[in-house]
Every structure is written in C-alpha cells, then in structure tokens.
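Notes to accompany the following structure.
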Amino acid sequence: MRILIVEDERIQSTSLKLKLASLNYCDVHVADNGEEALTLCTKQQFSLIFCDIHMPEMDGISLLTQLSEQPHRPAIVILSAVEDAVLELTKNMCSLAGFPYVDVLKKPFSIESLYNVINHYASSKQRTVEPSIQHLLRCEEVEVAFETDQIFNYYQPQYDFATGAMVGVEALVRLKHPEHGVLAPASFLSVIEQCQWMDRLFWRVLEKAISAISSMSDGLKLSVNISQSNLQQPICDRVMALCQQYDFDPHRLTLELTEDQVYNGNTVSLANLARLRMHGVGLSIDDFGTGYASLSQLGKLPFNELKIDKGFVFDLVTNYKHQQLTKMCLMLAQSLGLHCVVEGVEDEESWQYLRTLGVDTCQGYYSSPPLTIAELSEQYAKNQSRSLSQESIEGGICALVIDECSVSSSALTKQLQRASSVAQVLIARNLDQAVKTLRDYPVNLVVVDIKFMSDATNYTLLTDIDQRFSGRMILLTEQSNPDIVLLPELTARSTILSKGSALFDTVQEILAHSKLEKTDFSAQQNKLDQLSERELAVAQMLFKGLGNKQIANHLDINQKTVSTYKTRVQTKLGIKSAMELVRFFTLD
C-alpha cells in the first residue's frame, strides 16, 4: 500500500512515518505542503493520504477539494488539532466529495489509534465485494433484465443484539448484467424510476423474497423496501394474496419506507399503510435521522419499527455528536414502543457500544454482508445450530425417521414417542423432506431404514444429511441382511442396527445407541472447560459489553494482552466475533 503524508511540520511527518514503519508500512512518501502533494499525486497513485488541515500556502481543505476533482480518489485520514466541529465538517465534505474512505486522527495520537484507523480502512476495502460501474444502464438493458429474469435478491441478515440470533433479513435487489456482472441498485434504480417501473420492481422483489424465505424458515422475518409510488394504488389485497400463496405469515413481513417519503403520503397511501398494519404487516421508517421527521406526525402514523441511518454509525465510537443523536433516536423509538434496528454496523467496537445502549437489532457488514439465498440458508443453519442443540438437551431427543414406507415409519414413530427421553418424532418420506426437516427442527437423532438406501444416489445424499446436524444416525437393516459397509463420511456418528424380532426391542436398541446426553451435547461445556480462569474472565466481560480498555483497567493488564486473550477465547470456543460469543453464552 502506497501512503502519502501531507504535513508541514517535519517532526510530525517523521514521527508518523516511523510509526507506519513499525506497523510494516514502508512505501511512504512525504509532502511538506499542498502544492507538493498535488504534484506527487499527478505522478503516482496513493492508496491512503494522511493530510494535515492547517498548512501554509495551501491548507488541507483546499488540497482535498482539488484532489476530489481527480479521477483517482484515495482514502483520506485527516490530521489536525483543530476543534472537533472543523474536523467533522471537513470529514463530511470529503465523504460528499466521493472519497472511498474518510477518517480522522486528532493530534496527538498514539500508535494504537493509528493502527485502528489503518485496520478499519483495510476492513472497508474488503467489504467492496460488488463491482462498480461508472454509467447508468439504459432503459433497454433494464427491460431485458426484467424479461429474462435477471433481477433477483440478495439478503442481509439481521441479528438480535441480546442473543446473537439471526431474527430477520432485508431483501436487497440486484441485477445481473451480461457484461458488468451483478450490479447494485445505484446502477439501475434511477432508470427504473425514470421508466416508471417501480411497481414492477416492487412486486418482483416481494414475490421472490417471500417465496425464498418461506421455504427456508418458519420464523425468520423479512423486510422489503417500498416507495410512495407503490402506495399510490391499493396494494394490501395483493400483498396478502402473496403471503397466502406461499404460506407466509404476514406478521413476519415488514415494509420499509425511507424517512423522506414517510410524510409525503396522501389518502390512498395512508389507507394502504393502515390496512397493511391491520393485517399484521410491519411498517418501518428507514434511514431515520436523514430526513425531516415531524414528531407529531410520527406518533400518528402506524409504524412499528425505526431504522437508525448508517451515517450515524460509521464513527460512532469516537464521534460524540453521533453518539448523542443515536441515543436520542433510540430513546424516541423506545418511548413510542417501536422496534429499533441499526444498520451499517461494520466493526466490533460499534456493535459493542450499540449493544450496551439496548438497541434491539443489528444489521451490517460486521455481522454479515448481503448474501445469496444459498449462502443465507447456510449461515442461518450455522447460527441456529447451537440453539437447536440446546433445545434438544432441555427437551429430550428430537428424532427424524426417514422411511418411504408409511406403515413401518408410523409404527416406529409411535413406539419412539412412548419413550420418556423422546420429546418429538418427525417423519420424512424422501431426502428432500429430510433436508427441510433438519433445517427447521432441532433434530439430534436420525433413523434411516436401510431399504431406503438401495439407490446409490440416496446413499450419497445421506452424507449431506449427516453434515446438517450434530447428533447420531442409526441405519436399520433386516436381520438377514449381510454386513453393510458405510461410506467413510458416515462412520463417525453412524451405527448399523439389525431390527429386533419385536419393534419394542428395536426402539430400545435405538435409544441405547443414541447416547446424546454423554457425547454430542457436552461439547459446549467442554469448550468452556478449556478456558483458563483469566480467559473466562475476559470472555464474561466481553459478553457484558466491555471494551478492551475497560477490561484492561479492570484486570490491570494492557490492551494488547486483552487482545491476546480474546484471540485465545475465540479459538478455544470456535467463534469469530463478539456477536458469536454472545450467542454462545446466551445458549450455554
């Protein structure tokens, strides 16, 4: 990474260059003033520029203004000891000018603060996963996308701050272009508005989202964006019809309207909102804090959710004004009985801060980027895995019987249900049903009749089922059946049992070989037992929402040592973030 320091004080620039070198950033250039910096930028491209504000000849603000007009815009870190209001104004100017990353380092700063800024910049680069396109699509290109079904959804998960559980998703429209690949709305949304296809887009997104989420989970909530133009004609009946068609509970659906459109409604749109709420559909004010909210009107409208705009969250931990504005938005939501969602949460510090405030739901790259439906299904399954296992411990065995014969499967089910250790028995007639059952229920015991595996394809697919849960698999075979060789992938947690002469005997053998309480579900406690006393103390403090500095002060250790303990805790518990730690302890 090539870095440019623009600083008129040679001692300051040298000090910064040495600190960067200690962080292994050696391709660093120095300019003593704005004019020299502009000259360097015309000769080579810099990834990151540290720019002082107060300089002779050309101040930093003038330099940044001219840099914003160049084709290549680097990331900017503003250096200064001026008052916070000036720094904030300069930062906002740079953001509006289109610099890809803008941050502030207020003098004097520590090497730890410098490290955090660079690390945050590196993280922001990793989030740029979608290709950008410099021009808008033409109406003809968007029309082809509609006709060829190239408009589809990504889904960004929403997580409960208190438990770390995935509780919902927001559908985010995408367009697959033959030349430019997958495009975000910035490339085509204005064209759709111009061509008056907003209704067409809304119904396409809504139906795809409802059909996908309804097939994935019975509990996951769904948020879909809507505009005032969509509300200018009666839509309630059609929305209800879609929910009924896909057996989707309307109470799981939330329609999001941006704050700047909330108060532009007329009688038709208000009637739509009222009818939707009457049928249980949630209504959310999106990007709250960026429009012109009238508090008197807000109390009268039928909204039940408020989404705090991501613009407040970007520098939440260090920006006092944004902290206060966020608190005010949260207090407003709580006082009006509104569910509060914060979007744009992109780092652990912001997540921890918002969690301690008592915000309900988190959405952002820290917890998850937007996902395809396949990726979402996998991540939802992982998020639910511990809770499913924990419910199984408390409620007993949850068994799944896979057998295409209705008579034998029903008989086995009845016998299993009589056992006191069995809480629930489910039946799947084919592997497709089995996969869906394993997705939606806390199954910890799978019983498969070996006759079902006569097809080699089914035998291979069973391996996939084995990977979807953490319990035992029992393969039942007739007494006369010779030895059966299991696929290597199935040997770890699978057992072959010969059917007894009586069904009762078979069930007793199944239960004897399950051994759930001693093997599979002791893993979580075993992981906790691996933690040292100090590591456990750090984990518990992280769970309570304490940051590195607070933990360091409490335990009388330095922050670097706290980071080391955090890494050990995450490794031993098999987690990757503070959010997963909350999930782990909530379900423990």
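In the UniProt record's numbering, the protein residues as written are 1 to 588. Cβ coordinates follow ideal geometry from the N, Cα and C atoms, glycine included.
Spatial neighbours of residue i within its chain, please: C-beta separation below 6 Å, excluding the five flanking residues on both sides.
{"i": "Glu256", "result": "Ser223, Asn225, Ser284, Asp286"}
{"i": "Ser132", "result": "Note that Ser132 has pLDDT 46, beneath the 50 cutoff, so the model's placement of it is unreliable and the number below is only indicative. None."}
{"i": "Val28", "result": "Ile3, Lys17, Leu20"}
{"i": "Thr356", "result": "Gly545"}
{"i": "His251", "result": "Gly280"}
Please report the Cβ distance between residue i and residue j, rounded to the nearest whole angstrom; I am assuming they are in contact, meaning their Cβ atoms lie under 8 Å.
{"i": "Asp449", "j": "Leu431", "result": "About 13 Å separates the two Cβ atoms, so there is no contact after all."}
{"i": "Val435", "j": "Ala399", "result": "That pair is no contact at about 16 Å."}
{"i": "Ile61", "j": "Thr90", "result": "6 Å"}
{"i": "Lys572", "j": "Gln540", "result": "With 8 Å as the limit, Lys572 and Gln540 do not qualify as a contact, their Cβ atoms being about 14 Å apart."}
{"i": "Leu338", "j": "Phe312", "result": "Actually they are not in contact, since the Cβ atoms of Leu338 and Phe312 sit about 17 Å apart, beyond 8 Å."}
{"i": "Gly170", "j": "Tyr155", "result": "Just to set this straight, residue 170 is Glu in the shown sequence, not Gly. Indeed they touch by this definition, with Cβ atoms about 7 Å apart."}
{"i": "Ile397", "j": "Ser514", "result": "6 Å"}
{"i": "Leu253", "j": "Ser187", "result": "Going by Cβ atoms, the distance from Leu253 to Ser187 rounds to 27 Å, so no, they are not a contact pair."}
{"i": "Asn319", "j": "Met166", "result": "Between Met166 and Asn319 the Cβ distance is about 29 Å, and since that is not below 8 Å, they are no contact."}
{"i": "His120", "j": "Asp347", "result": "6 Å"}
Please classify residue i as buried or exposed, where buried requires at least 16 other C-beta atoms within 10 Å of its C-beta.
{"i": "Asn510", "result": "The amino acid occupying residue 510 in the given sequence is Ile; Asn does not appear at that position. With 16 or more other Cβ atoms within 10 Å, it is buried."}
{"i": "Ile11", "result": "exposed"}
{"i": "Ser389", "result": "Any reading at Ser389 must be qualified, since the residue scores a pLDDT of 39, below 50, and its modelled position is unreliable; no value is offered."}
{"i": "Trp351", "result": "buried"}
{"i": "Leu18", "result": "exposed"}
{"i": "His177", "result": "buried"}
{"i": "Glu517", "result": "In this prediction, Glu517 has a pLDDT of 40, which is less than 50 and means its spatial position is unreliable; nothing more can be read from the coordinates."}
{"i": "Gln158", "result": "buried"}
{"i": "Leu206", "result": "buried"}
{"i": "Met473", "result": "buried"}
{"i": "Asp218", "result": "exposed"}
{"i": "Met579", "result": "buried"}
{"i": "Gln415", "result": "buried"}
{"i": "Pro56", "result": "exposed"}
{"i": "Leu23", "result": "exposed"}
{"i": "Thr506", "result": "buried"}
{"i": "Lys560", "result": "exposed"}
Name the DSSP bridge partner or partners of residue i?
{"i": "Ser406", "result": "According to DSSP, which records beta bridges pairwise, Ser406 is partnered with nothing at all."}
{"i": "His339", "result": "Glu305"}
{"i": "Arg174", "result": "Phe152"}
{"i": "residue 601", "result": "With the chain represented from 1 up to 588, any question about residue 601 goes unanswered, as that position is not in the structure."}
{"i": "Phe50", "result": "Ile5, Val77"}
{"i": "Gln424", "result": "Cys398"}
{"i": "Asn119", "result": "In DSSP, Asn119 forms no bridge with anything."}
{"i": "Met473", "result": "Val446, Ser494"}
{"i": "Asn225", "result": "Glu256"}
{"i": "Ala502", "result": "According to DSSP, Ala502 bridges with nothing at all."}
Out of the options, which has the shortest C-alpha to C-alpha gap to residue i?
{"i": "Cys329", "options": "Val341, Thr318, Val507", "result": "Val341"}
{"i": "Ala122", "options": "Leu136, Val86, Ile76, Val191", "result": "Ile76"}
{"i": "Ser227", "options": "Ser217, Pro234, Ser214, Met198", "result": "Met198"}
{"i": "Ser498", "options": "Met541, Gly311, Val447", "result": "Val447"}
{"i": "Ala97", "options": "His72, Ser113, Leu189", "result": "His72"}
{"i": "Lys451", "options": "Tyr353, Ala578, Leu114, Cys405", "result": "Cys405"}
{"i": "Val359", "options": "Phe161, Asp247, Lys527", "result": "Phe161"}
{"i": "Leu172", "options": "Val443, Arg568, Gln232, Phe202", "result": "Phe202"}
{"i": "Ile308", "options": "Val345, Leu301, Gly280", "result": "Val345"}
{"i": "Met331", "options": "Gly311, Arg534, Leu354, Asp347", "result": "Leu354"}
{"i": "Asp315", "options": "Leu536, Met579, Tyr101, Tyr25", "result": "Tyr101"}
{"i": "Ile235", "options": "Arg275, Arg252, Glu141, Cys139", "result": "Arg275"}
{"i": "Glu69", "options": "Pro56, Phe303, Thr42, Asn92", "result": "Thr42"}
{"i": "Tyr306", "options": "Ser577, Lys300, Gly289", "result": "Sequence inspection shows Leu at residue 306; the Tyr mentioned does not correspond to that position. Considering only alpha carbons, the answer is Gly289."}
{"i": "Gln424", "options": "Thr65, His513, Asn444", "result": "Asn444"}
{"i": "Gly364", "options": "Gly282, Gly168, Leu183", "result": "Gly168"}
{"i": "Ser229", "options": "Leu357, Gln196, Lys414", "result": "Gln196"}
{"i": "Asn153", "options": "Ile49, Glu375, Ile496, Gly280", "result": "Glu375"}
{"i": "Thr148", "options": "Leu175, Ala552, Ala37, Asp237", "result": "Leu175"}
{"i": "Leu242", "options": "Arg277, Ala333, Tyr565, Ser211", "result": "Ser211"}
{"i": "Leu555", "options": "Lys566, Thr567, Glu35, Ala537", "result": "Ala537"}
{"i": "Lys208", "options": "Asp260, Thr372, Gln323", "result": "Thr372"}
{"i": "Asp277", "options": "Leu301, Thr258, Gln417", "result": "This sequence places Arg at residue 277; Asp is not what is there. With distances taken between Cα atoms, Arg277 lies closest to Leu301."}
With a CB to CB cut of under 7 Å and the five nearest residues on each side skipped, what residues in its chain are close to residue i?
{"i": "Phe543", "result": "Leu581, Val582, Phe585"}
{"i": "Ser409", "result": "Val401, Asp403, Ile427"}
{"i": "Ser377", "result": "Met216"}
{"i": "Gly547", "result": "Glu349, Gln352"}
{"i": "Val558", "result": "In the sequence as presented, Val is not what sits at residue 558; that position holds Asn. Contacts found: Ala552."}
Ignore the nearest five residues each way along the sequence and tell me which others in residue i's own chain have a CB closer than 8 Å to its CB.
{"i": "Ile53", "result": "Asp59, Gly60, Ile61, Ile78, Leu79, Ser80, Val82, Val86, Leu87, Thr90"}
{"i": "Val117", "result": "Val77, Asp103, Leu105"}
{"i": "Lys576", "result": "Gln570"}
{"i": "Ala411", "result": "Leu503"}
{"i": "Glu394", "result": "Only weak support is given to the placement of Glu394: the predicted model assigns it a pLDDT of 37, under 50, and the value that follows is read from those uncertain coordinates. Excluding sequence neighbours, Glu394 sits near nothing in its chain."}
{"i": "Val268", "result": "Leu231, Gln232, Gln233, Pro234"}
{"i": "Tyr115", "result": "Leu23"}
Could you check if residue i belongs to the surroundings of the ligand HEM, using beta carbon to heavy atom distance under 7 Å?
{"i": "Leu79", "result": "Ligands displayed in this structure: none; no statement on the ligand HEM is therefore possible."}
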